[in-house]
Amino acid sequence: MCVSILLFAPIIVSQLIPADKSQVNSWFNGIIKSVKKEGGGGEFDTITKAIKSVPSGNTKRVIISIRPRSYKEKIRIERNKPFITLLRDPQNMPNLTFDSTAKQYGTIDSATLITECSYFVGANLNLLNTAPRPDGKMVGAQVVALRVSGDRSTFYNCKIFGFQDTLCDDRGNHFFKDCHIRGTIDFIFRSGKSLYLKSGMQNTKIFVEGDLGLTVITAQVRESSSEDTGYSFVHGSIFGTTKNAYTEMGNVVNPVGWSHNLQPERAKTIYYGEYKCTGQGANPKT
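Below you can see the structure in the form of structure tokens.
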């Protein structure tokens, strides 16, 4: 069997993130505690079957412990199944893969993993869309690895790899800690209100796969200045080839920071800021 289930309950306390990167891990360990509870479980040969076994309207934390191997599945967790965790040991992370494209499913439904439920947790997972890299000519070539549409969802130590439109940070409040996100253009997009945090102890980063011409990391689609959404990147690194705080920005980032993409009216609803960022791509004046 490849997947097993056990019950679990988290305890979370809210505190401010420390400005000193070396203190982030101790801060994090102090505000999040996990308490195991005895309960029912089961074993399944696919992740999808394990998710289907969770009853609709579930009110208890259910951890799906995934054995280390590759799973070629298109996985969707519907909104009527909250409190689900997909988990594995960080030393032996499983690969969740699929090769769907926007031409087949539409952009946001092309994701390998789609989470529509609230209170989802993903930890120590490799999430990949293995469809071919877009060449700029193919129609419907977007390849999403992850779509997050539920509220209060969290991801820890996950690798999220795709090309165009890698991570659909769709809607709701989300937290990404120590995640490595890789893509080519617009690869973090949609309308989530999300915090991307690096602890300083992990080799985690946002990595831009170099393309000729313009590469855009985020495409947040806020339509009104009063809309309470946006992306914040704290203690992160942007390498390879918007709000960034204490973030190391390599020379792949244009110090100008953002563009309205020839639509100046977007300046009425867009806010991009930097705070105490470093590196050749940082602009200390913003």
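Positions -21 to -1, 1 to 265 (mature numbering (1 follows the signal peptide of the UniProt record, and there is no 0)) are the ones given, in order, by the sequence shown.
The beta carbon of each residue, even a glycine, is placed where N, CA and C say it ideally should be.
Simplified DSSP assignment, three categories, for residue i
i	result
Q70	coil
S216	strand
F166	coil
D88	helix
A198	strand
K(-1)	helix
E22	strand
S173	strand
S211	strand
E244	helix
N8	helix
L(-6)	coil
C256	coil
D149	coil
Same chain, Cβ closer than 7 Å to residue i, neighbours up to 5 away in sequence not counted
i	result
P69	N103, N136
residue 273	The structure shown does not extend to residue 273, since the chain spans only -21 to 265, so no value can be given for it.
K53	F77, S79, T91
D165	Q143, D144, V195, A198
M(-21)	Because the pLDDT at M(-21) is just 45, under 50, the model does not fix this residue reliably, and the point stays unresolved.
V33	V41, K60, I63
E57	E95, C96
Q2	none
S206	Residue 206 is actually Glu in this sequence, not Ser. Closer than 7 Å at Cβ, skipping near neighbours: no residue.
Cut-off 6 Å between Cβ atoms - residues of its own chain near residue i, not counting five sequence neighbours on either side
i	result
F134	G101, F155, C158
I93	R55, R126
P113	A120, F142, Q143
Y50	I26, L75
R131	S97, Y98, N152
M228	I217, C256, G258, G260, A261
Straight-line gap, residue i to residue j (C-alpha atoms, nearest Å)
i	j	result
N152	F99	11 Å
R67	S204	40 Å
N59	G36	5 Å
N262	D24	50 Å
V123	I196	14 Å
I30	R40	13 Å
T163	N233	15 Å
L65	P(-4)	28 Å
S170	K255	25 Å
G258	N71	32 Å
G260	E244	25 Å
T38	T86	31 Å
D105	S216	Residue 105 is actually Asn in this sequence, not Asp. If I take the Cα positions, the gap works out to 19 Å.
residue 266	E253	The structure shown does not extend to residue 266, since the chain spans only -21 to 265, so no value can be given for it.
S89	S128	14 Å
W6	L176	12 Å
Y84	R161	21 Å
P73	K172	27 Å
N8	R150	27 Å
Spatial neighbours of residue i in its chain, beta-carbon cut-off 8 Å, leaving aside the 5 residues before and after
i	result
F168	D144, L146, C147, D148, T197, A198, Q199, V200
V235	N262
Chain C contact for residue i (CB, 8 Å cutoff)
i	result
W6	The structure shown contains no chain C, having only a single protein chain.
Subject >> Uninterrupted beta strand (DSSP E) stretches inside the segment 90 to 144 (no shorter than 3 residues) >> reply: 92 to 94, 100 to 102, 105 to 108, 125 to 127, 132 to 135, 138 to 140
Subject >> the segment 97 to 113 / the segment 130 to 148 touching (three or more Cβ pairs under 8 Å) >> reply: yes
Original post:
What are the uninterrupted segments assigned as alpha helix (DSSP H) that are 4 or more residues long and contained completely in the segment 24 to 82, given in chain order?
Top reply: Here the runs fully enclosed are 26 to 31.
**OP:** Would you check if the segment 75 to 86 and the segment 113 to 120 touch, i.e. whether three or more CB-CB distances between them fall below 8 Å?
**Re:** Yes, the segment 113 to 120 touches the segment 75 to 86.
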